[in-house]
Amino acid sequence: MSNLEDLYREIILDHYRSPRNRGELASPPAHRVEGFNPLCGDEVTVYLDVNDGVLTDIKLTGHGCSISQSSSSLMSTAVKGKPLEDVRATIEAFKELMTAHETTTDEEERDATNLRTFGELAALAGVVKFPVRIKCATLAWNTLQQGLQELAS
Amino acid sequence: MSNLEDLYREIILDHYRSPRNRGELASPPAHRVEGFNPLCGDEVTVYLDVNDGVLTDIKLTGHGCSISQSSSSLMSTAVKGKPLEDVRATIEAFKELMTAHETTTDEEERDATNLRTFGELAALAGVVKFPVRIKCATLAWNTLQQGLQELAS
Amino acid sequence: MAPGQRVSSFNARRVRADIPQLTRRINGRPITYLDSGASSLQTHSVIDAMSRYYELRHANVHRGVYQTANEATDAYEGSRAAVARFINAPGEESEVVFTKNTTESFNLLAKVWGATNLGAGDVVLITQMEHHANIVPWFQLREATGVEVRFIPVGDDYRLDLTNLDELLRDVKLLSITGMSNVLGTKNRVHDLAAIAHSVGALVAVDGAQMVGHGPVDVTALDIDFLAFSGHKMLGPTGIGVLWTRESVLDTMGPFMGGGGMIADVTLDGFTPAKGVARFEAGTPPIAEAVGLHAAVRYLEGLGMDHVAAHERYLTEDALRRLDLTFDGRVRVIGPLDVIDRGGVISLDVEGVHPHDVAQVLDQFGVCVRPGHHCAKPLMRRFNLAATARASFGPYSNTADTTVLLEALEHALKMFG
Amino acid sequence: MAPGQRVSSFNARRVRADIPQLTRRINGRPITYLDSGASSLQTHSVIDAMSRYYELRHANVHRGVYQTANEATDAYEGSRAAVARFINAPGEESEVVFTKNTTESFNLLAKVWGATNLGAGDVVLITQMEHHANIVPWFQLREATGVEVRFIPVGDDYRLDLTNLDELLRDVKLLSITGMSNVLGTKNRVHDLAAIAHSVGALVAVDGAQMVGHGPVDVTALDIDFLAFSGHKMLGPTGIGVLWTRESVLDTMGPFMGGGGMIADVTLDGFTPAKGVARFEAGTPPIAEAVGLHAAVRYLEGLGMDHVAAHERYLTEDALRRLDLTFDGRVRVIGPLDVIDRGGVISLDVEGVHPHDVAQVLDQFGVCVRPGHHCAKPLMRRFNLAATARASFGPYSNTADTTVLLEALEHALKMFG
Ligand SMILES: Cc1ncc(COP(=O)(O)O)c(C=O)c1O
Ligand SMILES: Cc1ncc(COP(=O)(O)O)c(C=O)c1O
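Residue numbers (our numbering), protein chains in the order written: chain U, 292 to 444; chain C, 292 to 444; chain D, 27 to 443; chain P, 27 to 443.
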């Protein structure tokens, strides 16, 4: 069952069971954006408070599988309170992580690198081995990205 | 090539090259009826003169393959001048011949029987071995049958 | 009866040996295929029939004179006749139209029969447990003609709620219902509903996708007017489906798609459609697929459809009992809990585990179940579910499949618990 | 070059060895298959790819989580990508819609794109040499919307008569033409005609049924907007076809058939169509057929489409020359006599022998040719023919096929002479 434990790491299950930053923000002033995966029915709603170029607060609601839900929770902890530039960089880096197809053969080395770059988020790295689940992991991120674009325009 | 000669007997080729009773009858008084095989494009038009329950004259025009054309020609010689009752019986017997699937195993015996019953028409018996061509052989007969039905009603 | 004694010609072990995919191993375990509701596996005989067709006698059908063209035509038309016999079509092969799947069959029904016979003020009565294939074509027809689409509700017992049937039937010109729900496993009483619909002058269409291949289906005895089903759900190949219609109805229907094979004549000015089933089969038909479907029909007839139905009923009863015993409510079955009017499709709601995660964990055990809305979103909304994890049986399924399913479900519960 | 030296990677003998049906004997003679215009034969690789698919990895596609469902989905979508590369689709796999055959592709085009974009006053310009698949759907659209269907005439040289093209193009919104006539063998100058049609603001659809699989087809270079073709005419299986469309056009097109897989959402009140190619693929798609088509594409790419085209050109030139030399006019070719803009379809009019009889006599020699109107009745009427006997080549054909054809034709002439 090594594969399965690669996907469902303890951190993921923890964030699934106890999602962080769950809830709503009054909108306005917060920006509200919805994401939907028509194939599996996963839904996420992201609420964003942005002040002076900083993502001062973020909350999420929605339902879906453990991957989509833990990914939103992990995302919220990774981006909350960060300058928008950093948030955008994290989004890009995460999406990169989700497309990286086994470039390093040394798994341990890769895991170490990921951990350095991503912290807790690295727990989601195992998802790439399950291509159909990648869209679960990226749903919240795409929604956040869309929200930031809407705010910018 | 025994098979092929079974289909294209000399009598058939002769009727194909020199069709009997070819032409038109003034209609009215003659009854005119058209037959069409949409699958292969064969066409036949039958002209009938019926007087006092006798098919006093029959003429045919049309175009198509050797089987459909020789069958119309052979038909015309078989039914011309006959009482309608006999004509109907011949139509039935011919259609029966075209569906008879190898009941007798003795080919020679069957050929002899056919010759007794059908005369020259027996030449068409080989068509049953070529199921796709049966509709060619029966086109004129179905058309004649339809004409007689139209006359009766 | 002594254990191991054979009760009938149906021998599950022998059936399994006829299915090559069942020898496959997934993640180090033998495959446990429980997704027959989505698509069944194929027998050697079905696969080989198609290969042999391509190897020996493939040619385009109709209008050919040479030998392989005749053989291909005979094979194609022979399949049509076999399918007609299999469902006991009163008008035999002249009532069986080959389509590409159940979905196309319903589109043909809606876009040809429906578009000609139904308009504003008329009602198509369907149910809340229909597959999208028997919903969306009617919504499309509504856009085009203003016909009303009405739903028979589903009760909390997962069965049709017929309380207001009389009212629901007002102005109904077509009752179109599934023989069995692909989510709940609920079987509808097609014969009785058809009789009622006929009594108000409506015609009756049945979605047979989950019926045909799982038990005897006799359109004459059911006294219905249309039946749609798919080859790939009855041990046959992809790429072929069937719309059966009474000859008297079929003869009144105009053409569907335009092209070769469906015409009697074409000029620069217009076209005349062909007579008979050919009118609905434009272009080169699914020839090899018809050959495969014929082999599937032959195989199922060999098993005996009564035996298949009894076998799947036994498996369903066993699975429902063991699910209840093992999980004591932590795994909820979305569907009837008894096996009266119920087939071998079991939708599960696993406490605390999302259906996608259920399916993912089960995959590690080689267990194939399908998570999702199963193309029945109105039904899912009815029960406030985004998705279920669905296990479903075929003639080759056995109780060992259920054993592995239970083992894997326990693991899922533990993992997420 | 020394005899027997290989000029290219294309080796006709090796291709023949890859086609199982070519080992068959008919009436005591090896088969001489000259009906590739109706349907091609399949390679071992195509047949085996489908068998292996069913044996190992068949499952329904999309939304599956378990391993074989993923494998089946990858196989299906992988085929789409391969087909896109094969025809050099600028938008890759997001432009390739799988249908069941060329005919369905044209119906999709007419009933979706046509029904939305064309109305009374608009003109669809087709040609007098079209197959019914590219005529009847437009006649059906005319009935529905009042669009005008106009024909480019065919000259006595069996080529499009473009004398009045400017006039013919008036009000044209779509030019829909065949890449190659399935009766005459005439190839139309698709690129040039497309440029002219675009210059008056019309879109351009091409019937590729007789093009794809017989030579390179590059939709980007041709600069067209739609391409329709069938798997079974390019060494692939029955039951699958393709409609390629530019992504910018595809995105504007509403749904076709309704059902599962083509929706984003369905409620009791209505439905929202899915985005992308899925919108046009309702129901379980032809999965195994896509696998077979992928194998066919791979095989053809291995041969090299330039080599296939050169090979068929050589066979056509040789056959036209020998028909002329041998029969001195008693066997008339209905089609161009040179090989410029001409493919390997040769329609014959045999003096004093009806095409059905020609085909019947040829069958005795194991020669497969097709008699009939070839689903091109307007063209047949143009040349005052009810039928022709048509011989046509595929990549596996060789000059020995032509030798047997000539021998059999001589016999037919003698027999009926
Ligand atoms: C030029 C042309 N177009 C269209 C078709 C129709 O193809 P299909 O029967 O596969 O739909 C054919 C084949 O018969 C053809 O030759
Ligand atoms: C009840 C029901 N109807 C219709 C369908 C659609 O069948 P297909 O996808 O073969 O068109 C299915 C299968 O998914 C089904 O279960």
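Glycine included, C-beta positions come from ideal geometry on N, C-alpha and C.
So for residue i, helix, strand or coil by DSSP?
i: proline 29 of chain D; result: Bear in mind that the predicted position of proline 29 of chain D carries a pLDDT of just 43, short of 50, making it unreliable; the figure below should be weighed with that in mind. If DSSP states are grouped into helix, strand and coil, proline 29 of chain D belongs with coil.
i: phenylalanine 177 of chain D; result: strand
i: tyrosine 299 of chain U; result: coil
i: lysine 126 of chain P; result: coil
i: tyrosine 184 of chain P; result: coil
i: leucine 201 of chain P; result: strand
i: threonine 323 of chain C; result: Residue identity differs from the one stated: residue 323 of chain C is arginine in this sequence, not threonine. Here arginine 323 of chain C sits in strand by DSSP.
i: methionine 292 of chain U; result: Only weak support exists for where methionine 292 of chain U lies, its pLDDT of 43 falling under 50; the coordinates are left without a value.
i: methionine 406 of chain D; result: helix
i: phenylalanine 132 of chain D; result: helix
i: proline 421 of chain P; result: coil
i: asparagine 312 of chain C; result: coil
i: asparagine 214 of chain D; result: coil
i: alanine 223 of chain D; result: helix
i: asparagine 37 of chain P; result: coil
i: aspartate 375 of chain P; result: strand
i: asparagine 86 of chain D; result: coil
i: methionine 76 of chain P; result: helix
i: asparagine 328 of chain C; result: strand
i: threonine 414 of chain P; result: strand
i: aspartate 192 of chain P; result: helix
At what residues does the beta strand (DSSP E) containing residue i begin and finish?
i: isoleucine 152 of chain P; result: 149–153
i: proline 397 of chain D; result: 396–398
i: asparagine 96 of chain D; result: Premise fails: asparagine 96 of chain D lies in the alpha helix (DSSP H), 93–112, not in any beta strand (DSSP E).
i: leucine 432 of chain D; result: Careful: leucine 432 of chain D lies outside any beta strand (DSSP E), inside the alpha helix (DSSP H) at 425–442.
i: alanine 64 of chain D; result: No beta strand (DSSP E) contains alanine 64 of chain D, which DSSP labels as neither H nor E.
i: arginine 358 of chain P; result: 357–359
i: aspartate 233 of chain D; result: 229–233
First and last residue of the alpha helix (DSSP H) that includes residue i?
i: isoleucine 313 of chain D; result: 313–329
Measure from the alpha carbon of residue i to the alpha carbon of each residue in the options, then state which is nearest.
i: lysine 426 of chain C; options: C:Pro374, C:Asp333, C:Arg300 and C:Thr381; result: C:Asp333
i: asparagine 127 of chain D; options: D:His258, D:Leu405, D:Gly328 and D:Ile178; result: D:His258
i: serine 363 of chain U; options: U:His322, U:Ala384 and U:Leu435; result: U:Leu435
i: leucine 269 of chain P; options: P:Val275, P:Ala254 and P:Asp427; result: P:Ala254
i: glutamate 81 of chain P; options: D:Arg50, D:Arg111 and D:His158; result: D:Arg50
i: alanine 296 of chain U; options: D:Leu432, D:Ala415, D:Gln390 and D:Pro404; result: At residue 296 of chain U the sequence reads glutamate, which differs from the alanine that was named. Of the listed residues, the one whose Cα sits closest to glutamate 296 of chain U is D:Gln390.
i: serine 66 of chain D; options: D:Gly205, D:Leu219, D:Asp74 and D:Ala322; result: D:Ala322
i: glycine 302 of chain P; options: P:Tyr184, P:Thr271, P:Thr425 and P:Ser373; result: P:Thr271
i: isoleucine 83 of chain P; options: P:Ala98, P:Ser71 and P:Leu60; result: The amino acid at residue 83 of chain P is misidentified as isoleucine; the sequence shows arginine. Residue P:Ala98 is the option with its Cα nearest to arginine 83 of chain P.
i: tyrosine 92 of chain P; options: D:Pro381, D:Ala75 and D:Val149; result: D:Pro381
i: glycine 262 of chain P; options: P:Leu229, P:Pro281 and P:Leu326; result: P:Leu326
i: glutamate 121 of chain P; options: P:Gly392, P:Glu273, P:Ala38 and P:Val175; result: P:Glu273
i: threonine 212 of chain P; options: P:Lys137, P:Ile372 and P:Gly355; result: P:Ile372
i: asparagine 53 of chain D; options: D:Ala417, D:Ser423, D:Gln386 and D:Asn214; result: D:Gln386
Under 8 Å between C-beta atoms, does residue i make it to chain E?
i: aspartate 277 of chain D; result: Within the model displayed, chain E is absent; protein chains U, C, D and P are what it includes.
Quiz item: If you scan the segment 364–443 of chain C from start to end, which runs of the alpha helix (DSSP H) of 4 or more residues do you find wholly inside it?
Solution: 375–388, 398–409 and 422–443
Quiz item: Enumerated in chain order, which unbroken segments of the beta strand (DSSP E) with a length of 3 residues or greater are wholly contained in the segment 337–361 of chain C?
Solution: 345–354
Quiz item: Taking the runs of the alpha helix (DSSP H) that are 4 residues or longer, which of them lie wholly in the segment 267–307 of chain D?
Solution: 273–276
Quiz item: Using a Cβ cut-off of 9 Å, which residues of the segment 69–103 of chain D contact any Cβ in chain C, in chain order?
Solution: His88, Arg89, Gly90, Val91, Ala95, Asn96, Thr99 and Asp100
Self-check item: Residues, ordered as in the chain, of the segment 240–264 of chain P that lie near chain C by beta-carbon distance below 9 Å
Solution: none
Quiz item: Residues in the segment 417–441 of chain C with C-beta within 9 Å of chain D's C-beta atoms, listed in sequence order?
Solution: Phe421, Pro422, Val423 and Arg424
Quiz item: Going along the chain, which residues of the segment 401–415 of chain D sit with their C-beta nearer than 7 Å to a C-beta in chain U?
Solution: Ala412 and Ala413
Exercise. Quick one: which residues of the segment 144–159 of chain P get their C-beta closer than 9 Å to a C-beta of chain C? List them in chain order.
Key: none
Exercise. Below 7 Å between beta carbons is the criterion; list the residues of the segment 314–340 of chain C that meet it against any residue of chain P, in chain order.
Key: Cys331 and Gly332
Quiz item: According to a CB-to-CB cut-off of less than 7 Å, which residues of the segment 294–312 of chain P neighbour chain U?
Solution: Ala300
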